[in-house]
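These notes concern the structure reproduced below.
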Amino acid sequence: MRSLIILIFSCFSGITFGQITEREIILKKRDIEISKENEQVHALETANGDALEIDVVLRKMTDMDDDGMDDDWEVSNGLNPNDNKDAWLDKDGDAINNLFEFQLSTDPNSATDPNVRNYNHATDDFDNLIAASDGDILVLRISEGVYDFSNLTFFEQSARLLIQGGWNASFTDHNPDLYPTRVIGTPSNEVLYFSTISSVENPLKEFTVILDGLEITEGGGFFGNVNYIAQNVTKACYIVHNCKLTKSAKRGTTLHAWGAEEATIFFVNTEVSGSADDGLYNQTTTGSNLDLRLYNVTSSDNSNNGFRNLISPGSIQDFQCTNVIIKNNIFRDISLDIETRVTMRNSNYTFSDIAITNPDTSNVLDEDPLFNSPNDGDFSLANSSPCINSGLDIGIPFAETAPEMGAYEFGDIMSATENLHDADIGLAIYPNPSIAGQAFNIKYDITEIHKEAELQIFNTKGKIVFESKIRPRSNEFLSTQLTTGLYFIRVITGDKSVLLIKHLVL
Ligand SMILES: [Ca+2]
Ligand SMILES: [Ca+2]
Ligand SMILES: [Ca+2]
Ligand SMILES: [Ca+2]
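Just so you know, we're using the numbering used here here: the sequence shown kicks off at 57 and counts up by one.
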């Protein structure tokens, strides 16, 4: 169970509310200075700045199913406080999952809440856009493409930010696999830099930053591709979901929860690889209470630690890994301080790298994860990987019978029966590798004995990115184009025979 402090408005007194709605009052709870748990607090501020006297009682959040969402919030929004799988669903279909709606304090039953802003690379200034959101919610959507951002900074006070890539050009369809949003930095600067610090005049309340569906690569500076610093806030929240943080000249990401009363840090379905220093780096100072979770993370091929944790005495930290692969990092895979309470479930890591005694473990591996082609930056799992179907179902979508460990889900693609060979149907791809965004050819030669056939192209997460019926005929060609990545091609004939070949797009 978690212990995030939330506010309960027990009674109202003093002036009347006038036109102020309950919703406005709830939104403004962030403007009430929070002191200690279970203490009566008298607050004096309204949405429009008028004096308003309200009595509030602080209580601890209860989260019976440990999905990161408060029980009462789940019940009042039609979710199940005894089901940990609803955090990853999107009840209202606005491409913001229920957990993010909870963290952003938005309505999980309204597709128009929050408002969203579609980023326009030609006209929008990123820094100004997020600076203008100070104290408000900003959901910024970025469409597919390659962006050369560097040193985008956010140094404001309170914030609730969601930056979401993976949209098509017209912002009508969201699928990070089909519409990758790739942000390339420079080694001298962080690509994204989020920092906030408390002051006497303006004490901080909340600093929530969620990154979703972004590939961030080749940044650096002092902290790495992404830096998050929350100092002396009541609530720190940093979530990285469906992202790739690669090839940093420093770290993949650095996070600092300094004196945060509550810090919620989730890395989910995310690859962190090829950093010149640590992959993931956390520093927590005295007085912080940190809930740090890694779900389906692959951290590999980083030059220092896969995950490095520095924590000052006096802080409380829960560190949970579920379905995680942290292997093949140069110095250590996991480096933790002894103040950390560790739970490792269904994960693959180097056991001896965790120096603490008696971590809570279940179904853990210490084996070569057998990545497909790590030297080419491909951390998807090879057919014989021990991480396939070895994960725990925690509600994150997966294919086939059980989730994989790590950031890449193969689904049923690896269970294909290979009783048909490429020579049987003359399957060939050219050019291979091919160039991103340019047409390439798939040649096949299906005869009548195979009857109707279908051709599918999968990405490394096992998702179909292209499919087409193909007819029995000799020497047919099919032209298509894809964005950068490694793909698998499968042909299903009338008798369900299957064939896989690899195709690389550069
Ligand atoms: Ca819950
Ligand atoms: Ca739940
Ligand atoms: Ca939603
Ligand atoms: Ca919503």
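Backbone N, C-alpha and C fix where the C-beta goes; we use that ideal spot for every residue, glycine too.
As the structure is a computational prediction, the values presented were derived from the model and not from experiment.
Distances between the C-beta of E130 and the heavy atoms of ligand 1 include at least one below 6 Å. Between the alpha carbons of D347 and A305 lies a distance of about 28 Å.
Using a cutoff of 6 Å, the CB of D163 counts as near ligand 4, since one of the ligand's heavy atoms is closer than that. Counting the other CB atoms within 10 Å of its CB gives V547 a total of 16 or more, which places it among the buried residues. By the CB criterion at 7 Å, A167 and D148 fall inside the cutoff. Note on the region 256 to 306: whole beta strand (DSSP E) runs with a minimum of 3 residues are 262 to 268, 271 to 273, 282 to 287, 291 to 297, 300 to 302, in chain order. Here S403 is near C377, since their CB atoms are less than 7 Å apart. Boundaries for V131: no beta strand (DSSP E) harbours it, while the alpha helix (DSSP H) harbouring it runs 127 to 132, taken from the DSSP string.
With a contact defined as Cβ atoms closer than 8 Å, I266 and F182 miss out at about 16 Å.
Looking only at G241, Y543, F514, T309, the smallest Cα-Cα distance to G280 is reached by T309.
DSSP, reduced to helix, strand and coil, places Q494 outside both helices and strands of the structure shown, so it counts as coil. Distance from the CA atom of L301 to the CA atom of T273, rounded to whole angstroms, is 6 Å. Contact between the region 184 to 201 and the region 284 to 302 is absent, with fewer than three C-beta pairs closer than 8 Å. Apart from sequence neighbours up to five positions away, the residues of its chain that approach L234 with a beta-carbon distance below 7 Å are V521, ordered along the chain. No heavy atom of ligand 4 is found nearer than 6 Å to the CB of D449. I295 places its beta carbon 7 Å or farther from that of H312. One Cα belongs to A438, the other to S490, and the distance between them is close to 22 Å. Cβ-Cβ distances below 6 Å link V202 to R238 in the same chain, with the five nearest sequence neighbours on each side left out; the list follows chain order.
Take the alpha-carbon of A411 and the one of T396: they are about 11 Å apart.
V398 and N445 have their C-alpha atoms roughly 23 Å apart.
In terms of Cα proximity to W129, the closest of K261, D139, F158, D121 is F158.
Between T252 and Q287, the beta carbon gap of about 7 Å places them in contact (Cβ cut-off 8 Å).
In the structure shown, the three-state DSSP call for L185 is helix. Residue state for E465 is assigned as coil, using DSSP reduced to three classes.
I513 and Y500 do not touch by the CB rule: their CB atoms are close to 13 Å apart, not below 8 Å.
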